[in-house]
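Visitor: I'd like to ask some things about the structure below.
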Amino acid sequence: MTTTIKTLKRLLGMGPRISREQAMAAFGRRYASFNELLQSNADLAAILAKLDAAQRGDKHLETHQVRRIARKAIFHCERMAACLNDMSRGHYKELESSVAAIGQRIENELEKHTRGDVNALILPLTEVDASMGYSVGGKNANLGELSNMLDMPVPPGFAVTIQASSLALLRPSGLFKKIHSTLCKVDADVPHSLQDAARTVQNLILEAPLPEDVEKALLDGWDEAFGKDSQVQAALRSSAVDEDGVQSFAGQYLSILGVTRESLPSAFKRVLASLFSPRALAYRARNGYPLDATSMGMCCLKMVQAKAAGVAFSRHPVDLRSNCVMIQGTWGLGEMVVDGTATPDNWLVSRANLRIQQETIAHKEVRLVLAPGRHGVESQEEDVPESLRNVPSLSHEQAQRLAAMALELERHYQYPQDVEWAVDEDDQIILLQTRPMGLDASVSEVTAPALAHLRPLLSGGEVAAKGVGCGPVVHVQPSQDLTHFPEGAVMLLQHTSPDAMVAMQRASAIIAETGSLTGHMASVCREFGMPTVINLPGATSLLEEGEVVTVDAIGGRVFKGEIPELLALRLQPRRPAADTPALILLRRIASYIMPLHLVDPHSELFSPANCTSLHDVMRYAHEKSYSEMFLISDSVTEGSMGAASQLVCPVPLDLYIIDLGGGLRNPESRRVTPGDVISEPFAEVLSGMLNPAVQARGPRPVNMRGFLSVMSQNMSGGNQQGGQRFGDRSYAIVSDRYVNFSSRVGYHYAILDSWCGETLSKNYIRFEFAGGAAGSVQRERRVRCIGIILTELGFTVEVVGDRIRARYQKYPRLEILSRLDQLGRLLIMTRQMDMLMTSDAAVHGYAMKFLNGEYH
């Protein structure tokens, strides 16, 4: 310990002879950096909540706002890293490098394509991503994203941009004027007017000449994607701006199979004409889109000789209570699955562990295959060989891999996905497209029923993440191994903790007695769409292990048993906002800002090098700032004493106070009394220490067995196992909302570090106790006893040998003050507690006496 203190003093540059002004400046800089770091942490939490709300459609942002907020988030992380380095004299330079790297990735995305800035007629898929939906259409944007950003397998090909289609409609003389004139006469409520207009417009497009530069671009794109191989055949599929977005436009436009280089120009015109098919016009009219839309991109992909094909839904499309990925497939092409003309094989794969929960194999008599036809290659039916008719079209390994892909896509797009897939002749899975699932209701638009006839077990909680969940209650302790948390259970926590992320996806809902809506766990709950209610006092004592409850994370209530009226709302994901340029941009940068990967401060992976998002940086800097402030009392030197005021009171400590601002009525005074202390957290600690019930009333009863053990250890030097003897001076470094109290007496030491204010996310207590004059057995019994007391008071406790570390974070101000009072009492009672630890029974007995207010 002495070596550690000397090292810290050297690092802090605080020699033994410095002026009072120098000492106060050194402490003041460190405290100011800590205060600034906490403020940036709170501001960044609010930014994460705002971006999360925008992603989920609860808040509207424009593109310029997304850019401004993202850069503000980078600034706060830069400030947190800088403050942490100021506090530690440059110990965390690697963190600043990590922030710079993440910030550069975000900047690269912020400067990428936005609507209307792509003028090319053809783009290789290797140059396409989700931010380019307004330039190449939804299908192209999604396929480019899958391939280039997620490294998922898609067929080779190229994108025909919106610009090419617009030229084909606008350049031929008089074409678009005729189209517009025809569509103006349509009455959406008269079906034959739609059909007549569609027929007229489609004929106009098919008869119009194709602009030369458009035709040349098509053929050049083919040559670049597929080379000069005359045997290559492709599928030309529509990729309209609004297609495969919130409104899927599924089945409204044309796809042409078996396209060759020679037939590509005419195929382009046929797909373009399908923009005005009768069903496409009716769909646009019903959903409020203009009838004369010209935003048609196309996707030209090399055809996959599919052994099997089908669809995968990242959530069950019908049973919204299911926690499974649903996969359907059949032999041959997937059209029979998509259009519902065949009964497919069906797999339900657990979202939690990718185990196959259910497998239903259909009897498959026919399949679709590619074969030569009158217009080139076409899909044709053929008989399935007898040997394959009752054989699954996917192996278990393929189904699990496909489920994993669907879940990765859901996480990436922040919404359940409908994925088309095929298995090629080499048994490799190829993804053909992904789009949002067609889920109707939105929990953001649903009001929880009043249920006046039922009395909730708990009510008045804050909703951290909306939804409804039902299942048996499982109590979870702060540091518990959650590897085997049961699927579908309701997770009950005393306090929110990102450690719960390990099992979060297996839970049906989360309840926490206390927590912060802008904290790390709340962000993760929203990211995963986990129904979560926090700030429900008494939940852990009222709800019994295994009791089935329904969690209403819309109204902030918990009911006993299953409540059908609420379960009807369960797992109805909200429809995302339309794919605006701002939302597309936000999705592109979200992975660098919002996910939290650093969840365990004790893990070897908890390091600056493993920060891959701004949320990681925030968590790391916040955690390490506590550690740095915890050691602030070790920087007190003899030269600092000129800045200290001696406390005069009955506390049995030689205690000196250093005021960082707002801690003492008169910080210049060399001697102060408890009445001069205006630091709220330290005043509460003193209140506990000076509590009359704690103060000794006459000689303390001495257990002779314990007393003799302590004396024998002192005489034999056995106490040295617990650490060296500390100096007799104790220090309190305080401000109006902060205290760092270091008590080093004899062979004991205790450090208490706390911030207490109105901002819940800033509030914390950290406490450490070690040492003692007795033997190792009695010292270990003492910290076990302290551990029982602190656990009952709601602390997260870690005991190693004769050392105990405890923390109490993100609680309301009054709760923090109450615990500080208890810690003040405990500090007085621990000084001779080792004499009382004569047996294991004494450990629990003394802890219970303390908790019951029996101090003597």
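The letter at position 18 of the sequence shown is residue 18 when you use UniProt numbering, and the numbering goes up by one with no holes. Even glycine gets a Cβ: it sits at the ideal position worked out from N, Cα and C. Remember, it's a predicted structure, so these values are computed and weren't measured experimentally.
I think Val-558 touches Ile-511, with their Cβ atoms under 8 Å apart; what is that distance to the nearest whole Å?
Guide: With 8 Å as the limit, Val-558 and Ile-511 qualify as a contact, their Cβ atoms being about 6 Å apart.
Visitor: Are the Cβ atoms of Ala-371 and Met-303 separated by less than 8 Å?
Guide: It is not a contact, given that the beta carbons lie outside the stated cut-off.
Visitor: Identify the residues that DSSP records as bridge partners of Arg-805: which are they?
Guide: Beta-bridge pairing links Arg-805 to Glu-768, Glu-798.
Visitor: Could you compute how far the alpha carbon of Gly-853 sits from the alpha carbon of Asn-691?
Guide: Approximately 11 Å, taken between the alpha carbons.
Visitor: In angstroms with no decimal places, state the Cα-to-Cα distance between Ser-687 and Leu-823.
Guide: C-alpha separation (whole angstroms): 10 Å.
Visitor: Going straight from the alpha carbon of Glu-410 to that of Trp-421, what length do you get?
Guide: Glu-410 and Trp-421: Cα-Cα distance of roughly 15 Å.
Visitor: Classify Leu-827: buried if its beta carbon has 16 or more other beta carbons within 10 angstroms, exposed otherwise.
Guide: It is buried - the Cβ of Leu-827 has at least 16 other Cβ atoms within 10 Å.
Visitor: Report yes if the C-beta of Val-259 is less than 7 Å from at least one heavy atom of the ligand PLP; otherwise report no.
Guide: Ligands in the displayed structure: none, and consequently the ligand PLP is not present.
Visitor: Which residues bound the beta strand (DSSP E) around His-602?
Guide: His-602 -> no beta strand (DSSP E), and no H or E assigned at all.
Visitor: Jot down the residue ranges of each uninterrupted beta strand (DSSP E) in the region 522-576, minimum 3 residues, whole runs only, in chain order.
Guide: Segments of the beta strand (DSSP E) lying fully in the region 522-576: 532-534, 548-553, 557-560.
Visitor: So for Arg-389, helix, strand or coil by DSSP?
Guide: Here Arg-389 sits in coil by DSSP.
Visitor: Looking at Ser-633: is its Cβ nearer than 8 Å to the Cβ of Asn-740?
Guide: Contact flag set, yes.
Visitor: Indicate the three-state DSSP secondary structure (helix, strand or coil) for Gln-328 in the structure shown.
Guide: Reduced to three states, the DSSP call for Gln-328 is strand.
Visitor: Answer with buried or exposed for Val-160, where buried requires no fewer than 16 other C-beta atoms within 10 angstroms of its C-beta.
Guide: When all chains shown are included, Val-160 counts as buried.
Visitor: Assign Lys-810 to buried or exposed, taking buried as 16 or more other Cβ atoms, counted over all protein chains shown, within 10 Å of its Cβ.
Guide: Label assigned to Lys-810: buried.
Visitor: Roughly how many whole angstroms lie between the Cα atoms of Ala-42 and Ser-166?
Guide: In a straight line, the C-alpha of Ala-42 is about 48 Å away from that of Ser-166.
Visitor: Rounded to the nearest angstrom, how far is the Cβ of Val-423 from that of Ala-308, given a contact under 8 Å?
Guide: Indeed, because the Cβ distance is near 4 Å, the residues count as touching under 8 Å.
Visitor: Could you say if the region 787-806 and the region 662-670 meet the contact criterion of at least three C-beta pairs nearer than 8 Å?
Guide: The answer is no - the region 662-670 does not touch the region 787-806, with fewer than three Cβ pairs under 8 Å.
Visitor: Can we say the region 35-53 touches the region 61-72, given the rule of at least three CB pairs closer than 8 Å?
Guide: Contact holds: three or more Cβ-Cβ distances are below 8 Å.
Visitor: Can you say whether Leu-170 is buried or exposed, counting buried as having 16 or more other CB atoms within 10 angstroms of its CB?
Guide: When all chains shown are included, Leu-170 counts as exposed.
Visitor: When the distance is taken between beta carbons, is Gln-414 closer than 8 Å to Gln-55?
Guide: In contact: Gln-55 and Gln-414 (Cβ atoms closer than 8 Å).
Visitor: Would you check if there are 3 or more beta carbon pairs closer than 8 Å linking the region 79-98 to the region 116-132?
Guide: Result no; under three Cβ-Cβ pairs closer than 8 Å.
Visitor: To the nearest angstrom, how far is the alpha carbon of Asp-840 from that of Gln-646?
Guide: Roughly 39 Å separates the two Cα atoms.
Visitor: Check the DSSP bridge columns for Arg-671 and list the partner residues they point to.
Guide: For Arg-671, which the question treats as bridged, DSSP gives the partners Gln-646.
Visitor: Under 8 Å Cβ to Cβ from Pro-156, same chain only, skipping five residues before and after it: list those, please.
Guide: Taken in chain order, the residues that qualify are Leu-125, Ala-225, Phe-226, Leu-301, Lys-302.
Visitor: Evaluate contact between the region 22-31 and the region 643-663, counting only Cβ atoms and requiring at least three cross-stretch pairs below 8 Å.
Guide: As far as the Cβ criterion goes, the region 22-31 touches the region 643-663, which means the pair count is three or higher.
Visitor: Touching or not, the region 341-359 and the region 397-408, by the rule of three or more beta carbon pairs under 8 Å?
Guide: Counting Cβ pairs under 8 Å, three or more are found: they touch.
Visitor: What do you get for Leu-836, buried or exposed, if any count of 16 or more other CB atoms within 10 angstroms of its CB means buried?
Guide: Buried, by the Cβ-count rule.
Visitor: When you compare only the Cα positions, how much space is there between His-597 and Asp-616?
Guide: C-alpha separation (whole angstroms): 6 Å.
Visitor: Please tell me whether Gly-469 and Ala-509 are closer than 8 Å, where the distance is taken between their beta carbons.
Guide: Yes, these two residues count as a Cβ contact at 8 Å.
Visitor: With a 10 Å radius around its C-beta and 16 neighbouring C-beta atoms as the bar for buried, classify Asp-802 as buried or exposed.
Guide: That one is buried.
Visitor: So for Ala-304, helix, strand or coil by DSSP?
Guide: The sequence shown places Val at residue 304, not Ala. Three-state DSSP puts Val-304 in coil, outside helix and strand.
Visitor: For His-602, count neighbouring Cβ atoms within 10 angstroms of its own Cβ and tell me buried if that reaches 16, exposed if not.
Guide: Exposed: under 16 other Cβ atoms inside 10 Å.
Visitor: From which residue to which residue does the alpha helix (DSSP H) around Glu-513 run?
Guide: That residue, Glu-513, is in no alpha helix (DSSP H); its beta strand (DSSP E) goes 509-514.
Visitor: Taking C-beta to C-beta, are Leu-820 and Ile-786 nearer than 8 Å?
Guide: Cβ atoms of Leu-820 and Ile-786: not closer than 8 Å.
Visitor: What are the start and end residues of each continuous beta strand (DSSP E) run of 3 or more residues lying completely inside the region 355-429, in chain order?
Guide: DSSP runs (the beta strand (DSSP E)) wholly in the region 355-429: 356-360, 366-373, 376-383, 417-423.
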